[in-house]
Amino acid sequence: MRIRTAVSATALSLVTALALTGCVAGENADAEAAEPAGSSDAAASEWSADTLDVDFATYNPLSLVIKDQGWLEETLDGVTVNWVQSAGSNKANEALRAGAVDVGSTAGSAALLARSNGSPIRTIGIYSQPEWAAIVVPGDSAITSVADLAGTSVAATKGTDPYFFLLQSLEEAGVALSDVEVQNLQHADGRTALEQGSVQAWSGLDPIMAAGEAESGLKLVYRNIDFNTYGFLNATEDFLEESPDLAQAVVDAYEKARAWAEENPEEVVEILAEVAGIDPAVAEKVIVERTNLGVDPVPGDAQRKVLEVVGPIFVESGDVADQATIDKALDELFEPTFAEKADPANIAG
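Here it is, written out as C-alpha cells:
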C-alpha cells in the first residue's frame, strides 16, 4: 500500500472532497490541549524560546506523524513542545488568534478567511492536497444532486472547507444560498443530525465522512476536488518574527514526516485510526484514496489560483466585507521562505 503522492488528471476528475479532518470525531470539536512533551527542566539552549506550541489534527496526517515520532522534542533541546489538538480549521484559527498555538493547520480557504478578517497569520507550508469534503446524504435519500438541495436543511461547519465547498457547489448548481437552510453544526454533530433526520444533507468532512459511509451507509452525492483547498500550515506573525528558528524546525519536521509517510503508509493509517478512534479500513480510505501528501510544500501560485476562486464567494456570502480586503489578504498571506529552505536532515530521529 502506498500513499498517493501525485494526482493524475483522471484521478482529479473522479475524486473530490477531503480534508483529513476532525478531532477524534470531527474537524470542529473544541480544541483540546494535549499533555506537554519535552522536558521543562532542560537547560536553556541556543533556541530563541523555551516553549513551542504547535497543533495536531486528524485532518493533517503529517502532524500526527511528527507528534507520534517525537522528532521536535528530540531536536529542540531545552524547548518544551506543547501539542494542542485542533478539531477543525476554525478552531485552529481561533487558537492562532488567541496565541494558544504558534503554528496551526487549516484548510486554505479558512486561512484566507482568517487573514481577510484581521488575523495576523501567514502560511509557511503546504502539508497536503486533500479530498476532504463532499455533499453527503442518507443511503435511502431521494437527493441525487446539488440542485436537489433547494428547500432542504443542510448541516455545515462555518469557517471550514466543507462550508466553502457547500457554497461553491450551490453556486455551480444555480441554487441560491437563501434557498437552503444551513445549520451551523460541528462536523461530528452534522453527521449525527443527518443520521437522525434533522437535516436532509451534510457537507461532510473526513474521516467522519468516511466513517459514516462505512458504518451508516451514507452516500456522497457530489464530489469535486477542485472545490477543496489545500492543507495550509500557518503561523502567527509575532512567532515568525521572534522565533524564526523554531518555525524553520517545524517546517523541516513536516518535510521529514512527508518522506516518512511515503515510506510507511501502513503506520500512518494506524496512527490516524488510533487518534481519530476509527476503524483502520476507514483510515486507509482517507489516507490512501483521499489524501495527496506529495505536494510542493512552498505556498505559491497553485494555492493562490484556488483561493482566487473562493475569495469572491466570501464577499457574496457576507463573510468578508469586500473584494479589496480579499485581494490584500491574498497578497499578504504566503510566507514561502521557510518551505523553500526546508531540510529534513536538520531533524533528529
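Quick note on numbering: the sequence shown equals residues -19 to -1, 1 to 330 in mature numbering (1 follows the signal peptide of the UniProt record, and there is no 0).
A virtual CB, placed ideally from N, CA and C, is assigned to each residue, including glycine.
If we ignore side chains and look at the alpha-carbon of each, how far apart do residue i and residue j end up?
i	j	result
Ala157	Val135	13 angstroms
Gly292	Thr318	24 angstroms
residue 333	Leu288	Lying outside -19 to 330, the shown extent of the chain, residue 333 is not represented and no answer is given.
Glu218	Glu236	22 angstroms
Phe213	Arg239	14 angstroms
Glu223	Val269	38 angstroms
Lys48	Val231	11 angstroms
Glu16	Ala91	Caution is warranted here: a pLDDT of 44 is assigned to Glu16, below 50, making its placement in the model unreliable, and no coordinate value can be reported.
His168	Glu244	31 angstroms
Glu27	Gln229	14 angstroms
Thr133	Asp260	31 angstroms
Lys322	Ser197	45 angstroms
Ser152	Ala115	One point to set straight first is that residue 152 is Glu, not Ser, in the sequence displayed. Roughly 15 angstroms between the two C-alpha positions.
Asn327	Glu247	25 angstroms
Gly140	Leu94	8 angstroms
Ile105	Glu162	36 angstroms
Gly258	Gly51	21 angstroms
Ile189	Val180	16 angstroms
Thr138	Ser150	15 angstroms
Ala264	Glu255	9 angstroms
So is residue i buried or exposed if we call it buried at 16+ other beta carbons inside 10 Å?
i	result
Asn165	exposed
Gly330	exposed
Ser126	exposed
Asp303	exposed
Ile206	buried
Glu55	exposed
residue 339	This structure does not reach residue 339, given that the chain is present from -19 up to 330, and the question cannot be answered.
Glu316	buried
Lys309	exposed
Gly120	exposed
Ala79	exposed
Ala131	exposed
residue 380	In the structure as shown, the chain starts at -19 and stops at 330, and residue 380 therefore has no counterpart that could be examined.
Lys286	exposed
Give me the Cβ distance between residue i and residue j, rounded to the nearest whole Å; I'm assuming they're in contact under 8 angstroms.
i	j	result
Ser70	Asp170	Not confirmed; about 16 angstroms, so no contact.
Leu45	Leu253	6 angstroms
Phe295	Asn209	Contact doesn't hold; Cβ gap of about 16 angstroms is too wide.
Arg271	Asp187	6 angstroms
Val276	Ser109	6 angstroms
Ala262	Ala195	7 angstroms
Ala191	Val267	5 angstroms
Are the beta-carbon atoms belonging to residue i and residue j less than 8 angstroms from one another?
i	j	result
Arg103	Leu314	yes
Asp36	Ser86	yes
residue 382	Leu148	No answer is possible for residue 382: it lies beyond the span of the chain, which begins at -19 and ends at 330.
Leu77	Leu274	no
Pro278	Ala320	yes
Tyr211	Ile107	yes
Val65	Ala81	yes
residue 333	Val117	With the chain running from -19 to 330 in the structure shown, residue 333 is simply not present.
Gly59	Asp31	yes
Ala154	Ala128	yes
Determine, using beta-carbon pairs with one atom in the segment 273 to 282 and one in the segment 174 to 181, whether at least three such pairs fall under 8 angstroms. no
Decide if the segment 188 to 202 is in contact with the segment 86 to 102; the criterion is three or more beta carbon pairs, one per stretch, under 8 angstroms apart. no
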